[in-house]
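The next block holds one structure in the form of structure tokens; read it before the comments.
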Amino acid sequence: MASAKQIEELRQILEIRKVQIQSNIEDSKNNIAQLQNMDCKDDLDFAESSSDSFTSEIIAVQQSNELKEIQSAIKSIEDKSYGTCEMCDESIALGRLKAKPFAKYCTTCREIYEEENK
Ligand SMILES: [Zn+2]
Numbered sequence: 560m561a562s563a564k565q566i567e568e569l570r571q572i573l574e575i576r577k578v579q580i581q582s583n584i585e586d587s588k589n590n591i592a593q594l595q596n597m598d599c600k601d602d603l604d605f606a607e608s609s610s611d612s613f614t615s616e617i618i619a620v621q622q623s624n625e626l627k628e629i630q631s632a633i634k635s636i637e638d639k640s641y642g643t644c645e646m647c648d649e650s651i652a653l654g655r656l657k658a659k660p661f662a663k664y665c666t667t668c669r670e671i672y673e674e675e676n677k
């Protein structure tokens, strides 16, 4: 089980990551808006700009998913349930939390989960 100090450190990592992602999402949104507002002189320009905009949208979706996980991790720190596996209620190893501070499952359950969601 992680100590209060260790959890505090992880919370800071999460907060920093949260701010980073929020600004990335803003950038992607601006990028998409810009691409969509661009005057397309010919079909080639259009094809290029729409594939860029598609990529930006995928990145934005991935980032907002990560943002949700980070927000729920921060919330679980606040209600003291942080670091507990959502599936088996065991403590998640500190090493795993350091590698992925918003991990919701312990290593064992994560493997089961990935196996089931292939
Ligand atoms: Zn578990």
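Its first residue numbered 560, the sequence shown is counted upward by one per residue in the numbering used here. Heads up, the beta-carbon is just placed ideally off N, CA and C, and yes, glycines get one too.
(message) I want to see whether chain B comes within less than 8 Å of Glu616, judged by CB atoms only; does it?
(response) Given the protein chain composition of this structure (a single chain), no chain B is represented.
(request) Run the proximity test for Met646: is its beta-carbon closer than 7 Å to any non-hydrogen atom belonging to ligand 1? (result) yes
(request) Determine, using beta carbons only, whether Lys588 and Ala619 come nearer to each other than 8 Å. (result) yes
(request) My understanding is that Ile575 touches Gly642, with C-beta atoms under 8 Å, so please give their C-beta distance in whole angstroms. (result) Incorrect: roughly 19 Å between the Cβ atoms, too far for contact.
(message) Alpha carbons only, please: which of Gly654, Ser635, Gln621, Gln595 is nearest the one belonging to Ser612?
(response) Gln595
(request) Would you list, in sequence order, the uninterrupted alpha helix (DSSP H) runs of no fewer than 4 residues that lie entirely inside the stretch 598-655? (result) 602-637
(message) Quick check: does the Cβ of Glu649 come within less than 7 Å of any heavy atom belonging to ligand 1?
(response) yes
(message) Less than 8 Å between the C-beta atoms of Leu653 and Ala662, yes or no?
(response) Not a contact, by the Cβ cut-off of 8 Å.
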